[in-house]
Amino acid sequence: MWISMVFIVGLFIVLFIKGYKNTQHVVINHVSIDASRPSEDSMGDPLRILHLSDIHLERISITPNHLYDRLKDQSIDLIALTGDFLDKKRSIPKLIPYLAILNKLNPTYGIYAVFGNHDYVLKQPNFLQLKRVLEENGCKTMQNENHVIMVNGKILNIIGIDDFSTNRSDIDKSYEGLKEGLNLVLTHDPNLVLEMKDFPYDYLLSGHFHGGQIHWPKPYHLATMGKLVRMHMIKGLHKHYGKFFYINEGLGQSGVNVRFGSRPEITIHQLKLSSALIKTKKATEAI
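Numbering (the working numbering), first residue to last: 15 to 301.
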């Protein structure tokens, strides 16, 4: 009996150490998406988007310097941060060195951020402090709104839709006053795509699921996190209603600082853009 207990405790310690080491092995994934339409010319070089999600500063094993070492040789046009930065007030100052690194990468079109369910755990004054720190350090925060940038003389709409899992999403408001152009959607919970059949977008970036985080033998614990999980869409590139979206595995961890069957993820998306203007009115049928 005693020997069995020692064996079980020893096995648990070995697994925990292995799981913690996995949190230090960040993976850089490169994804290429062609958002141009048939018979249309592209807008030149693809737009290079650095996508980070679920930083979870309470449980992250990637230091700002480590992050910079992995990215310093990359050419970045735009940075997208899709929520869950932290959930405790004391962690807010820890965000600043990471934001300094992202600014050091000199993204041509800036840094855009949306919030996730963990960010909204903060009480209102503390949440506003988080928002202020992001904005004071070069990020445009977006809560059900859109912003236009010009890429090679053409319009790219950046649409930031608030967190779906906490019922803060307002898709109609997010699309208000949208100009004709290409649509890049940033949001935290990818389950939002199930509500976007009638809303046009060319690419959507999200996070939330951590790739399961403990994805062994299967991520059973994700069952309560929405219909998309039951459709076996928990990480990587997917297509729904004929439109592409990406689920980032996250840079940090939640709950416990271990990973099995997943790794911290940095994603660089190369988005080939169309030279023609794309209608952004609410669609009458699925694309």
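The beta-carbon is built from N, C-alpha and C at its ideal position, and this holds for glycine as well.
(request) Measure how close the beta-carbons of I47 and I93 come, nearest whole angstrom, since I'm counting them as under 8 Å. (result) The beta carbons of I47 and I93 sit about 17 Å from each other, so the pair does not count as a contact at 8 Å.
(request) Tell me the start and end of each unbroken beta strand (DSSP E) in the segment 131-196 that is at least 3 residues and wholly inside, in chain order. (result) Runs of the beta strand (DSSP E) lying entirely within the segment 131-196, each at least 3 residues long, are 153-155, 159-165 and 168-174 in chain order.
(message) DSSP has S46 in a bridge; who is on the other side?
(response) S46 pairs with Q284.
(message) To the nearest angstrom, how far is the alpha carbon of E150 from that of V270?
(response) Cα-Cα distance, rounded: 30 Å.
(message) Between G97 and V128, how many whole angstroms is the CB-CB distance? I'm expecting something under 8 Å.
(response) About 5 Å separates the two Cβ atoms, so the contact holds.
(message) Rounded to the nearest angstrom, what separates S67 and I106 at their Cα positions?
(response) Rounded to the nearest angstrom, the two C-alpha atoms are 16 Å apart.
(request) Grab the span of the beta strand (DSSP E) containing L219 for me, first residue to last. (result) Taken as a continuous stretch (DSSP letters only), the beta strand (DSSP E) holding L219 covers Y217 to S220.
(message) Quick check on T281: buried or exposed, where buried means 16 or more other Cβ atoms within 10 Å of its Cβ?
(response) Looking at its Cβ environment, which holds 16 or more other Cβ atoms inside 10 Å, T281 is buried.
(request) Give a yes or no on whether the C-beta atoms belonging to R277 and V45 are separated by under 8 Å. (result) No, they are not a contact pair.
(request) Closer than 7 Å by C-beta to K145: which residues in its own chain qualify, once you throw out the five before and the five after it? Chain order, please. (result) Excluding its 5 nearest sequence neighbours in each direction, K145 has C-beta neighbours in its own chain below 7 Å: T155, listed in chain order.
(message) Restricting to runs no shorter than 3 residues, where is the beta strand (DSSP E) found entirely within the segment 65-98?
(response) Along the length of the segment 65-98, whole beta strand (DSSP E) runs at least 3 residues long occupy 92-96, reported in chain order.
(message) On the CB-based measure, 16 or more other CB atoms within 10 Å of its CB, does M209 come out buried or exposed?
(response) Inspection of the sequence shows that residue 209 is occupied by Glu rather than by Met. Classification for E209: exposed.
(message) Taking 8 Å as the limit between beta carbons, can you name the residues of its chain near H260, skipping five residues before and five after?
(response) Note that residue 260 is Tyr in the sequence shown here, rather than His. Same-chain partners within the cutoff: V45, H65, Y217, L218, L219, S220, G250, L251, H252, T281 and H283.
(request) Run the CB neighbour count on S188, radius 10 Å, all protein chains shown included, and call it buried at 16 or more, exposed below. (result) Under this definition S188 is a buried residue.
(message) Spatial neighbours of H161 within its chain, please: C-beta separation below 7 Å, excluding the five flanking residues on both sides.
(response) Only K154 and I172 meet the Cβ criterion.
(request) Decide if Q227 is buried, meaning its Cβ has at least 16 other Cβ atoms within 10 Å, or exposed. (result) In this structure Q227 is buried. Its beta-carbon is surrounded by 16 or more other beta-carbon atoms within 10 angstroms.
(message) For D176 and K32, what's the separation of their Cα atoms in angstroms?
(response) So the two alpha carbons sit approximately 35 Å from each other.
(message) For a quick check, are the C-beta atoms of D83 and Y123 less than 8 Å apart?
(response) Not closer than 8 Å, so no.
(request) Could you check if S53 is buried or exposed, using at least 16 other CB atoms within 10 Å of its CB as the buried criterion? (result) Because the pLDDT at S53 is just 46, under 50, the model does not fix this residue reliably, and the point stays unresolved.
(message) Could you pull the DSSP bridge partners for K253 from this structure?
(response) DSSP, once it has assigned bridges, lists F258 as partnering K253.
(request) Check whether the Cβ atoms of R273 and T37 lie closer than 8 Å to each other. (result) In this structure, T37 lies closer than 8 Å to R273 by Cβ.
(request) Would you give the residue range spanned by the alpha helix (DSSP H) that V243 belongs to? (result) First-last of the alpha helix (DSSP H) with V243: K241 to R244.
(message) I'd like the span of the alpha helix (DSSP H) that includes Y112, first residue to last.
(response) Per DSSP, Y112 belongs to the alpha helix (DSSP H) from I106 to K118.
(request) Please check the pair H222 and P204, which I expect to be a contact at CB under 8 Å, by giving their CB distance rounded to whole angstroms. (result) Rounded to whole angstroms, the Cβ separation of H222 and P204 is 6 Å, and the two are in contact under 8 Å.
(request) Go to I125, then tell me how far its beta strand (DSSP E) extends in each direction, as first and last residue. (result) Per DSSP, I125 belongs to the beta strand (DSSP E) from I125 to V128.
(request) Return the chain-ordered list of same chain residues with a C-beta closer than 7 Å to the C-beta of K102, the five sequence neighbours on each side being excluded. (result) Sequence-distant Cβ neighbours of K102 in its own chain, meaning closer than 7 Å and more than five residues away, are E72.
(request) Alpha carbon to alpha carbon, how far is L116 from F141? Give it in angstroms, no decimals. (result) Taking the Cα positions, F141 is about 21 Å away from L116.
(message) Let me make sure I understand the geometry here. Which of S183, I163 and D184 has the alpha-carbon closest to that of G195?
(response) Nearest neighbour of G195 by Cα position, chosen from S183, I163 and D184, turns out to be I163.
(message) What would DSSP say about L100, mapped onto helix, strand or coil?
(response) Residue state, collapsed to three classes: coil.
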